[in-house]
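When you line the sequence shown up against this note's numbering, it's residues 295 to 797, in that order. A quick write-up on the structure given underneath.
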Amino acid sequence: MAAASGRRVSRAGRVAALCALSVVFVACSGGDDGDAPALPEAATLAPADTAFFISVETDFDGERWQQAEALLEEFPDGDELLGTIQDELEAEDVDFERDVKPALGPEVGVAGFDLPADEPPVVVYTKPPDRAKFDALLEKSSDDEEVVTREVDGWVVAAENQADLDRFLAGREEGSLADQDDFRDALEAVEEDALVFTYFGGRGVQEAFNEGLEDEGAPRSLTAKLGAFRSLVSSTTAEEDGVRFDSFATYDGELGVGSYTPELAETLPAQPLFYSSVANLDEPARKLLEVVRETIPGFSRQLRQAEAALGFSVEDDLIALLDGESALAVYANDGGELPVVVDYVLDVDDEAKARRLMQRFGGLLELAESGRSVKTKVGELDATRLEFTDEDFSLYWAVFDGKLAISTEGERGLGALRGERARLADDDAYTAALDGAGAPDDVAAVVYSDLATAIPYFIEVAEDEGDDVDAKTRRNLEPLKSFVAYATEEDTGLRVAGFVGIE
Numbered sequence: 295m296a297a298a299s300g301r302r303v304s305r306a307g308r309v310a311a312l313c314a315l316s317v318v319f320v321a322c323s324g325g326d327d328g329d330a331p332a333l334p335e336a337a338t339l340a341p342a343d344t345a346f347f348i349s350v351e352t353d354f355d356g357e358r359w360q361q362a363e364a365l366l367e368e369f370p371d372g373d374e375l376l377g378t379i380q381d382e383l384e385a386e387d388v389d390f391e392r393d394v395k396p397a398l399g400p401e402v403g404v405a406g407f408d409l410p411a412d413e414p415p416v417v418v419y420t421k422p423p424d425r426a427k428f429d430a431l432l433e434k435s436s437d438d439e440e441v442v443t444r445e446v447d448g449w450v451v452a453a454e455n456q457a458d459l460d461r462f463l464a465g466r467e468e469g470s471l472a473d474q475d476d477f478r479d480a481l482e483a484v485e486e487d488a489l490v491f492t493y494f495g496g497r498g499v500q501e502a503f504n505e506g507l508e509d510e511g512a513p514r515s516l517t518a519k520l521g522a523f524r525s526l527v528s529s530t531t532a533e534e535d536g537v538r539f540d541s542f543a544t545y546d547g548e549l550g551v552g553s554y555t556p557e558l559a560e561t562l563p564a565q566p567l568f569y570s571s572v573a574n575l576d577e578p579a580r581k582l583l584e585v586v587r588e589t590i591p592g593f594s595r596q597l598r599q600a601e602a603a604l605g606f607s608v609e610d611d612l613i614a615l616l617d618g619e620s621a622l623a624v625y626a627n628d629g630g631e632l633p634v635v636v637d638y639v640l641d642v643d644d645e646a647k648a649r650r651l652m653q654r655f656g657g658l659l660e661l662a663e664s665g666r667s668v669k670t671k672v673g674e675l676d677a678t679r680l681e682f683t684d685e686d687f688s689l690y691w692a693v694f695d696g697k698l699a700i701s702t703e704g705e706r707g708l709g710a711l712r713g714e715r716a717r718l719a720d721d722d723a724y725t726a727a728l729d730g731a732g733a734p735d736d737v738a739a740v741v742y743s744d745l746a747t748a749i750p751y752f753i754e755v756a757e758d759e760g761d762d763v764d765a766k767t768r769r770n771l772e773p774l775k776s777f778v779a780y781a782t783e784e785d786t787g788l789r790v791a792g793f794v795g796i797e
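Here it is in structure tokens:
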């Protein structure tokens with residue numbers, strides 16, 4: 295068998311990409327039945343030390359593919375997308391019905407090793423109903439060079455070279471991924487009725503974090519003190535009115551963010567282009583600060599010097615303010631012009647401390663000759679305007695009703711927080727999007743975008759700035775209605791799930 299060429303993309307990677315392209319084609323072009331097993335069969339073949347694993351259901355007559363097809367039909371030019379994908383396949387001299395469908399079994403597995411790495415070893419495997427068709431598909435996707443294959447328990451495994459295949463086979467002697475508690479626990483945490491499962495083992499991700507810290511000059515041991523990462527798993531599912539995603543990260547230790555019921559939606563005006571809310575960040579911030587103190591020599595001394603110059607304590611003054619909910623919202627400006635209006639609201643227990651901290655920021659701005667702090671009135675609200683030298687925008691802030699509010703606008707921003715305008719909590723589009731996403735009342739964080747409003751607004755802004763947005767792009771963005779993502783901290787990790795609404 296031919297050796298790998300460093301001048302080309304990994305041949306096994308090309309096979310994986312071709313399979314993925316074929317799966318997209320199938321998902322868009324349809325096909326009855328059956329619930330996906332909680333444990334992908336492909337996981338029983340993957341070695342225990344697999345760094346990342348992907349399972350794609352390729353039951354081409356399954357109900358899930360029909361659902362994906364129905365979603366695609368919501369887009370006016372969905373048929374053209376199918377044509378484009380078919381063109382990509384034909385560029386490899388591949389026809390879906392003739393070459394792909396008879397070559398792939400009911401599931402395709404992808405197993406990779408040695409994260410982090412620029413080009414990690416990857417193997418692809420399936421149970422082909424027609425072995426000759428599978429071999430022909432490999433030949434067409436391998437850039438005129440053969441890939442290495444081996445039949446194992448009814449599966450045909452394809453690798454870029456013999457070394458990668460031997461690595462895969464030797465790893466299986468130490469057990470399978472399906473037998474690993476971390477993998478089973480992670481898989482049980484996400485939506486089972488899915489087309490695609492993706493899994494990353496903790497060791498590789500932890501090492502990637504460590505290398506990233508080292509590249510930035512921080513000690514590799516920093517992540518270990520925060521708690522060892524064990525696994526990350528995600529699933530993606532097509533539904534009648536959108537796409538649902540569900541992911542779960544498992545780790546040792548606690549983030550400490552807890553749960554809360556978002557209430558600042560009752561303060562922020564309705565119809566934001568974008569909104570996010572989070573709370574209880576003080577404990578994670580304190581933990582991170584303590585870990586940095588213990589890990590980086592001289593940090594505590596440097597922090598004390600900085601605090602003396604700034605005139606406030608990072609832990610007692612700044613971090614202490616983060617114990618409540620904070621929310622950020624972005625609103626369209628009048629006339630569809632930039633800049634947008636940005637509001638930030640933070641619940642505070644000590645209004646006087648919040649006011650002193652903001653006044654100190656204003657003083658530092660003037661001391662650095664970077665701007666000035668000006669007392670002003672926004673309606674009947676006592677506020678402060680921070681003007682920045684050589685910048686064409688200002689920030690307005692005020693403390694009232696147990697809240698610190700900061701906005702890029704006076705009357706339209708800060709003033710709207712206390713006006714008669716409808717509130718986000720009563721916004722039908724917002725509440726419907728959260729219900730559709732299945733967001734619980736108590737979360738660790740939540741993000742929302744009204745795509746039906748945001749997309750036309752930014753198209754108008756782009757055209758006002760001289761950028762042309764063609765009619766095809768416009769009409770194919772119209773079906774996108776909303777985006778919701780939420781996080782919940784559970785006993786064994788952090789869940790991030792959500793929904794993209796399509797009509």
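Even glycine gets a Cβ: it sits at the ideal position worked out from N, Cα and C. This structure is a prediction, so every number in the text was calculated from the model and none was measured.
DSSP places THR786 in the coil class of the three-state scheme, outside both helix and strand. The straight-line gap separating the alpha-carbon atoms of ALA731 and ARG538 is approximately 8 angstroms. At a Cβ-Cβ threshold of 7 angstroms, VAL755 and PHE777 do not count as neighbours.
By the 16-neighbour rule on beta-carbons within 10 angstroms, THR678 is buried.
Secondary structure at ARG715: coil, using DSSP grouped into helix, strand and coil. Inter-segment contact for the stretch 643-663 and the stretch 735-743 is absent: fewer than three beta-carbon pairs are separated by less than 8 angstroms. In the structure shown, GLU445 falls within a strand segment according to DSSP collapsed to helix, strand and coil. Here TYR493 is actually not in contact with SER470; their C-beta atoms are around 13 angstroms apart, not less than 8 angstroms. Contact between the stretch 583-590 and the stretch 761-770 is not established, with fewer than three Cβ pairs separated by less than 8 angstroms. For SER701 and GLN565, the gap between their C-alpha atoms comes out near 16 angstroms. Within the same chain, Cβ atoms closer than 6 angstroms to the Cβ of ALA337 are found at LEU471 and ALA472, the five residues on either side in sequence being excluded. DSSP, reduced to helix, strand and coil, places GLU357 within a helical segment of the structure shown. Judged by DSSP secondary structure, ILE749 falls within the alpha helix (DSSP H) whose first and last residues are 745-758. A Cβ-Cβ separation of about 6 angstroms places ALA342 in contact with GLN474 under the 8 angstroms criterion. Secondary structure note for TYR554: it is in no alpha helix (DSSP H), with a DSSP letter that is neither H nor E. In this structure, the alpha-carbon of ALA626 lies about 6 angstroms from that of VAL635.
Under the three-state reduction of DSSP output, GLU533 falls in the strand class. Distance from the Cα of VAL642 is smallest, within the candidate group LEU698, GLU445, THR683 and SER664, for LEU698. With 16 or more other Cβ atoms inside 10 Å of its own Cβ, SER529 counts as buried.
Contact annotation: VAL484 and ASP540 have beta-carbon atoms nearer than 7 angstroms. For the 7 angstroms CB-CB criterion, VAL527 and ALA480 form a contact. Going by DSSP, VAL586 is part of the alpha helix (DSSP H) stretching over 576-589. When secondary structure is reduced to three states using DSSP, GLY403 falls in the strand class. One alpha carbon belongs to ALA623, the other to GLN500, and they sit about 33 angstroms apart.
Under DSSP, the beta-bridge partners assigned to VAL451 are TYR419 and ARG444. Beyond the five residues adjoining it in sequence on each side, ALA719 comes within less than 7 angstroms, by CB distance, of ALA559 and GLU560 in the same chain, given in chain order. Contact between ARG580 and ILE613 holds, with the beta-carbon distance rounding to 6 angstroms and staying under 8 angstroms. Of the residues assessed, VAL441 falls on the buried side of the cut-off, its CB having 16 or more other CB atoms within 10 angstroms.
Beta-bridge partners assigned by DSSP to VAL778: TYR742 and PHE793. Using a Cβ-Cβ distance cut-off of 8 angstroms, the stretch 393-401 and the stretch 346-363 are in contact, since at least three pairs of beta carbons, one from each stretch, lie closer than that value. When only Cα atoms are considered, ALA723 and LEU567 end up about 11 angstroms apart. Restricting attention to LEU562, GLY495, GLY536 and GLY506, the CA atom closest to the CA of ALA345 is found in GLY495. Scanning its chain for C-beta atoms nearer than 7 angstroms, with the 5 sequence neighbours on each side dropped, one finds around GLY696 the residues ASP641, VAL642 and GLU645, in chain order. Residues of the same chain with a CB within less than 7 angstroms of the CB of GLU557, apart from the 5 flanking positions on each side, are GLU619 in chain order.
Excluding the 5 residues flanking it on each side, VAL388 has same chain C-beta neighbours closer than 6 angstroms at LYS434, in chain order. Around the beta carbon of ALA453, a 10 Å sphere encloses 16 or more other beta carbons of the protein chains shown; the residue is thus reported as buried.
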